[in-house]
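Residue numbers (the working numbering): 50 to 548.
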């Protein structure tokens, strides 16, 4: 093994390793033919899922009013996808996946810290999408009287996992065409769902919902942000790296934001109407988010709804597993991309088995996952966006693959900032599963300075205190990481761009 290889990947070594065009190497100029408007399709298709309707129950679960729920949902969705749009600009400027471009801020080897976090987040998201698809299939089968028990869940799980892995192996161009088709199919099916269920909305029940405190509103806002745009932010440049260098950065931001936010904003608003009108429906969503929505449909539409719901969930999971494979390669794992998809698919299947067959409910693990990993992911996003804002030139593509290049092996300022802001952020969030013990150490700053405490109750533990569920740590990690990076790394970036 040569000294160059031991020090880190060079661009030539990546190409010699046989990584395909949709791998982690720089996209050739001849392949950069995409237009900003093309970004609308993958983002819209991945987020037009009826799962968005389920978020209405999650938002109202913070104890806020109908109007408050609408405002925080729209704001949280738009702002979080706007951040994705800003990250997407880096794809045009760096011609590489998000986690490779992030090496400019963290160093070629230092990037492995956020890379591992990103990989776990992607695995988690695609697993939860597979879980929802499996549960939805079983519920639809039960409503039709065709079973719905354990055998049905096992078959559904295997089919869903196979669809996700197979599609992710296909690569960028096929996925883009598939997403365009799924946009129309799932979009039309969702419109029909709304038409068939709009009669369940009770406006008198919605106006009777009492308003919540500032802390409750803030908690709902942060949950929406982490559940939508911030959950995708670590892969936002993966699709824009095919954009022409002449493409407008403003247009990239706009189409990315519109594609990601349009469907969720409308679907969550409708979900708030349904959940606020029917307490039984809202409670059922906690155990089976998508399947519960099928229980208010006429029998004749159940099959169509089930197919559309599963395809929408698979669509989102495909983007996740495709990008998680890229992230795995960026960490230095020497396996072909199909094998990387296979590894992620195995983990996806194991995670689905646990939640579907052993976990007591869906909502607790889901929210705990969002918050626990949302903090370091928000810290990374603050660093990445700040680094992007400081740069006046495009990225040095060769240096992204060379530890001896201008970006170096490890940028200790960025690594230290991510660790510090994550530690602070975790001190300002609480575990959404109070009966769990593995992460009840979170919220230590709330306990010390803001009067929050864990109350042990035989009927179920809960957090007590005004700021218990506000989850300030996500926003604090994002903003603090941005500010520290903007101040501490200004000189570093200037020196990098002068080399």
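By construction, the Cβ of each residue, glycine as well, lies at the ideal position given by its N, Cα and C atoms.
For residue i, count the other beta carbons within 10 Å of its own beta carbon; 16 or more makes it buried, fewer makes it exposed. Which is it?
| i | result |
| --- | --- |
| residue 544 | exposed |
| residue 301 | buried |
| residue 466 | buried |
| residue 289 | buried |
| residue 213 | buried |
| residue 393 | buried |
| residue 375 | buried |
| residue 240 | exposed |
| residue 382 | exposed |
| residue 233 | exposed |
| residue 71 | Low local confidence applies: a pLDDT of 45 at residue 71 is under 50, so the model's placement there is unreliable, with the coordinate-based value given in what follows. Residue 71 comes out buried. |
| residue 175 | buried |
| residue 418 | buried |
| residue 304 | buried |
| residue 79 | exposed |
| residue 90 | buried |
| residue 119 | buried |
| residue 461 | exposed |
| residue 294 | exposed |
| residue 333 | buried |
| residue 509 | exposed |
| residue 260 | exposed |
| residue 436 | buried |
| residue 497 | exposed |
| residue 253 | exposed |
| residue 32 | Because residue 32 is not part of the residues shown, which for the chain are 50 to 548, the question remains open. |
| residue 337 | buried |
Please state the DSSP three-state secondary structure of residue i.
| i | result |
| --- | --- |
| residue 158 | coil |
| residue 127 | helix |
| residue 292 | strand |
| residue 191 | helix |
| residue 442 | coil |
| residue 282 | helix |
| residue 516 | coil |
| residue 456 | coil |
| residue 479 | coil |
| residue 499 | coil |
| residue 198 | coil |
| residue 113 | coil |
| residue 77 | coil |
| residue 71 | Note on residue 71: pLDDT 45, under 50, position unreliable in the model; the coordinate value appears next. Note: residue 71 maps to coil in three-state DSSP. |
| residue 544 | helix |
| residue 97 | coil |
| residue 91 | helix |
| residue 451 | coil |
| residue 63 | Confidence is the limiting factor: at residue 63 the pLDDT is only 42, short of 50, which leaves the residue's position unreliable and the question unanswerable from this model. |
| residue 47 | No statement about residue 47 is possible, as the shown extent of the chain runs from 50 to 548 and does not include it. |
| residue 414 | helix |
The alpha helix (DSSP H) that contains residue i, what's its start and end?
| i | result |
| --- | --- |
| residue 332 | 328-334 |
| residue 252 | 252-256 |
| residue 264 | 263-276 |
| residue 84 | Neither: residue 84 is in no alpha helix (DSSP H) and is coded neither H nor E. |
| residue 490 | Where residue 490 is concerned, there is no enclosing alpha helix (DSSP H), given that its DSSP letter is neither H nor E. |
| residue 463 | 461-475 |
| residue 338 | 338-343 |
| residue 353 | 351-379 |
| residue 348 | Neither: residue 348 is in no alpha helix (DSSP H) and is coded neither H nor E. |
| residue 384 | Per DSSP, residue 384 belongs to no alpha helix (DSSP H) and is neither H nor E. |
| residue 149 | 147-150 |
| residue 101 | 100-109 |
Please state whether the Cβ-Cβ distance between residue i and residue j is less than 8 Å.
| i | j | result |
| --- | --- | --- |
| residue 546 | residue 441 | yes |
| residue 420 | residue 520 | yes |
| residue 371 | residue 81 | no |
| residue 156 | residue 537 | no |
| residue 493 | residue 476 | yes |
| residue 99 | residue 526 | no |
| residue 205 | residue 187 | yes |
| residue 397 | residue 169 | no |
| residue 184 | residue 340 | yes |
| residue 286 | residue 425 | no |
| residue 299 | residue 130 | no |
| residue 102 | residue 249 | no |
| residue 127 | residue 328 | no |
| residue 351 | residue 504 | no |
| residue 534 | residue 463 | yes |
Can you tell me where the beta strand (DSSP E) with residue i in it begins and where it stops?
| i | result |
| --- | --- |
| residue 288 | Where residue 288 is concerned, there is no enclosing beta strand (DSSP E), given that its DSSP letter is neither H nor E. |
| residue 503 | 502-504 |
| residue 535 | No beta strand (DSSP E) holds residue 535; the alpha helix (DSSP H) holding it covers 521-537. |
| residue 513 | 511-513 |
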